[in-house]
Amino acid sequence: SQPVARFQRSCGLFPAGEEGGGSGDPAEGPRERGACNGAGALLRCPAGAPPGGVRSGRGPQGCTQKYIVKNYFYYYLFKFSAALGEEIFYITFLPFTYWNIDHSVSRRMIIVWSVVMYIGQVSKDILKWPRPLSPPVVKLEMRTNAEYGMPSTHAMAATAISFSFFIATMNLYKYPFELGLAAAFVFSTLVCLSRLYTGMHTVLDVIGGALISAVLLVLLYPAWDTIDHLLLTSPFCPLFSIVVPLVLCYNYPKLDYYSPTRGDTTTILGAAAGASVGFWLDNQYAASAYKSVQPGFALITSTVVFVLARFLVGILVVLLTRWLMKSVVLGVL
């Protein structure tokens, strides 16, 4: 927990009452497990709070934590970076890639993302390593604090998505190799650092998550074309895509107390199952209407207006479908 607290202090994030006082070294502060560990604390800025003022939040079990933000650039940078590992990013970027960039690239990212996330979520509940302690760490999130820490699935997903996108597009489109590699590295690094800034993971959690994703990418890369071919052409694809996620969800490791990991894993596998069936149906009945871009073409081939229009209409349909199916399924159950 101490290196995480030092990183937060160096970025201008302090517990209320500590800023500028004492030795400034969180390693010399209290080490006991505080009330905000395990259940978490929802930290939000009260309406009208002045810049640089005290922010506070109240979580379950009466946990209250106040903190000082002295550097708002890092605060908003890492809050935004943390969102790149949340559902709002997945539900927008992955479909956008399918609709406006390339079908094969999106298919590869979704398969890699689902495999990586399942392994990461299961690993958390098998290893059961705790998250950083508060104090000395300031925790900026509540929901994920109920999960175990190792490995960081934000780091895993960011590494998997950014580098699978880079690997899948580097031979298809004209852009400098160094630029693509740097973009993937910066994306994954920002998400990893955001997990330290928000106090949700230790340095080892983040490094472990990134390394696990790197190993999985190396192992999956040789089978990408084979998996993609079977995904589009095998008559058993729809059955396989539905049965396997159901079996994996049913046999998820049991916990002694509630954790959102199983629910999140079910959502991820459900999204991957639905996408896989959609890919198969698209190839069987609508493939002639959608042609992948040939190697060597420029990355942006459609007008900006058309891309935005298709994206907005598509996201509207996705959100309506999500709302409808959630209401129907919950009603039936």
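Going from the sequence shown to the numbering used here is simple: count from 1 and add 666. Beta carbons are placed, not taken as given, at the ideal position from N, Cα and C, and that holds for glycine.
Worksheet item: If you pair each beta-carbon of the segment 781 to 793 with each one of the segment 810 to 820, do three or more pairs fall below 8 Å?
Response: Counting Cβ pairs under 8 Å, three or more are found: they touch.
Discussion item. Comparing C-alpha positions only, which one of Trp946, Thr864, His769 sits nearest to Leu679?
Written reply: That would be Thr864, whose Cα lies nearest to the Cα of Leu679.
Worksheet entry | Rounded separation between Arg672 and Val869 - CA only | Straight-line Cα distance between these residues: approximately 11 Å.
Worksheet entry | Simplified DSSP state of Ile734, which is helix, strand or coil | DSSP, read as helix, strand or coil, puts Ile734 in strand.
Worksheet item: Since Phe853 and Ser828 are thought to touch, with beta carbons under 8 Å apart, how far apart are those beta carbons, to the nearest angstrom?
Response: About 4 Å; that satisfies the 8 Å criterion.
Worksheet entry | Stretch-stretch touch, CB-based, cutoff 8 Å, three pairs: the segment 872 to 881 with the segment 854 to 861 | Yes, the segment 872 to 881 touches the segment 854 to 861.
Worksheet item: Using a Cβ-Cβ cut-off of 6 Å (strictly less than) and excluding sequence neighbours within five positions of Ala748, which residues of its own chain qualify?
Response: Closer than 6 Å at the Cβ level, and outside the excluded window around Ala748, lie Ser860, Thr864.
Practice prompt. For the segment 768 to 806, list the alpha helix (DSSP H) runs that are entirely contained and at least 4 residues long, ordered along the chain.
Written response: Taken in chain order, the unbroken stretches of alpha helix (DSSP H) that lie wholly in the segment 768 to 806 and span 4 residues or more are 769 to 793.
Worksheet item: Which stretch, first to last residue, makes up the beta strand (DSSP E) that contains Leu679?
Response: For Leu679, the enclosing beta strand (DSSP E) starts and ends at 679 to 681.
Item to complete: Please state whether DSSP places Tyr841 in a helix, a strand or coil.
Response: In this structure, Tyr841 counts as coil in the three-state DSSP scheme.
Worksheet item: For Gly980, which residues from the same chain have a beta carbon less than 7 Å from its beta carbon, with the 5 sequence-adjacent residues on both sides left out?
Response: Result list for Gly980: Pro761, Trp765, in chain order.
Worksheet item: Can you tell me the Cα-Cα spacing of Phe739 and Arg675, whole angstroms?
Response: For Phe739 and Arg675, the distance between alpha carbons rounds to 14 Å.
Practice prompt. Specify the secondary structure class of Phe977 as computed by DSSP and reduced to three states.
Written response: Shown here, Phe977 sits in a helix according to DSSP, grouped into three states.
Worksheet item: If you drop the 5 nearest sequence neighbours on each side, which residues of the same chain put their C-beta closer than 6 Å to that of Ser993?
Response: Taken in chain order, the list of residues that qualify is empty.
Item to complete: Put Asp922 into one of helix, strand or coil per three-state DSSP.
Response: Coil at Asp922, not helix or strand.
Discussion item. Considering just the uninterrupted stretch of the alpha helix (DSSP H) at Ala823, what are its terminal residues?
Written reply: From DSSP, the alpha helix (DSSP H) with Ala823 extends over 819 to 835.
Discussion item. Distance check for Tyr918 and Gln668, CA to CA, integer angstroms please.
Written reply: Using only the alpha carbons, I get a separation of about 32 Å.
Discussion item. Tell me which residues share the same chain as Cys677 and place their Cβ nearer than 7 Å to its Cβ, disregarding the 5 neighbours each side in the sequence.
Written reply: Asn737, Tyr740, Tyr863, listed in sequence order.
Worksheet item: Can you tell which of Met822, Ile776, Tyr742 has the C-alpha that lies nearest to the C-alpha of Val881?
Response: Among Met822, Ile776, Tyr742, the Cα nearest to that of Val881 is on Met822.
Worksheet item: What number of angstroms, rounded off, separates the C-alpha of Gly944 from the C-alpha of Ala848?
Response: The alpha-carbon atoms of Gly944 and Ala848 are separated by roughly 32 Å.
Fill in: Where Gly874 sits in the DSSP three-state scheme
Helix at Gly874.
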